[in-house]
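Taking the UniProt record's numbering, the leading residue of the sequence shown gets 1, the next gets one more, and so forth.
Beta carbons are placed, not taken as given, at the ideal position from N, Cα and C, and that holds for glycine.
Structure record follows, encoded as structure tokens.
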Amino acid sequence: MLELRRENDRLKEIVQNLNPQTPGGPKMPTPTPMKTSASSSHDSVEGLQKMNQRLKEVFREQIAKYRDAVYQCTGYKVDLKYPELVLRSIYAENEGDEVKFQFNNGELELLETPFVAGLDQRNMAYLTMCNSIPAFLSGVTLALFEKQTYQAN
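In structure tokens:
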């Protein structure tokens with residue numbers, strides 16, 4: 001305890017030497033409240049969080065618009081579940097009728113699905129002979145479209 005008193009006296013002396021103009025002992029400067037700084041930081045953080053949330057909403061909306069445009073232009077709903085790409089045709093007879101591709105060294109490989117296994121060899125030739133995914137998908141789309149359209153007549 002004696003040691004603490006000595007340390008306290010020594011610190012008082014140092015403070016008096018630093019602040020000699022104050023009568024009656026040292027007067028320590030009182031810290032100014034940092035409310036303005038803290039509140040502005042809080043406001044800044046809140047603003048950034050709101051902006052981040054708004055950006056997420058805008059991206060979500062833009063992605064939905066993009067997916068809808070792809071669906072309307074190509075007739076395929078496209079889901080990317082990396083490394084797989086899943087396509088569902090607007091003309092598919094069943095919900096599970098899907099074409100799946102897998103990314104492999106930067107290229108797409110067709111995966112075997114029950115739907116793909118039932119496709120006509122003419123459609124498969126676009127992939128095997130011509131190595132053309134767009135032609136393959138076009139052939140599948142036309143085959144499904146014709147099947148729906150001409151079955152009704």
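Partner residues in a beta bridge of residue 148, as assigned by DSSP, do not exist. Between the segment 75-87 and the segment 96-112, the count of C-beta pairs closer than 8 Å reaches three or more; the two stretches touch. Judged by DSSP in its simplified three-state form, residue 131 adopts coil rather than helix or strand.
For residue 13, the uninterrupted alpha helix (DSSP H) segment begins and ends at 2-18. Residue 137 is positioned such that its CB atom lies closer than 8 Å to that of residue 76. Here the alpha carbon of residue 89 sits roughly 20 Å from the alpha carbon of residue 131.
With the rule of 3 Cβ pairs closer than 8 Å, the segment 46-62 does not count as touching the segment 118-130. Counting along the chain, residue 84 sits inside the beta strand (DSSP E) bounded by residues 84-89.
Where residue 117 is concerned, the enclosing alpha helix (DSSP H) starts and stops at 114-117. Between residue 128 and the set 114, 147, 143, 108, the nearest pair of CA atoms involves 108.
Just so you know, the alpha carbons of residue 150 and residue 49 end up roughly 55 Å apart. Rounded to the nearest angstrom, the gap between the Cα atoms of residue 45 and residue 62 is 25 Å. Residue 57 carries a helical assignment under DSSP once its states are collapsed to helix, strand and coil. For residue 103, same chain residues with a beta-carbon under 6 Å away, outside a window of 5 residues either side, are 83 in chain order. If the five residues before and after residue 106 are omitted, its C-beta is found closer than 7 Å to no C-beta atom of its own chain.
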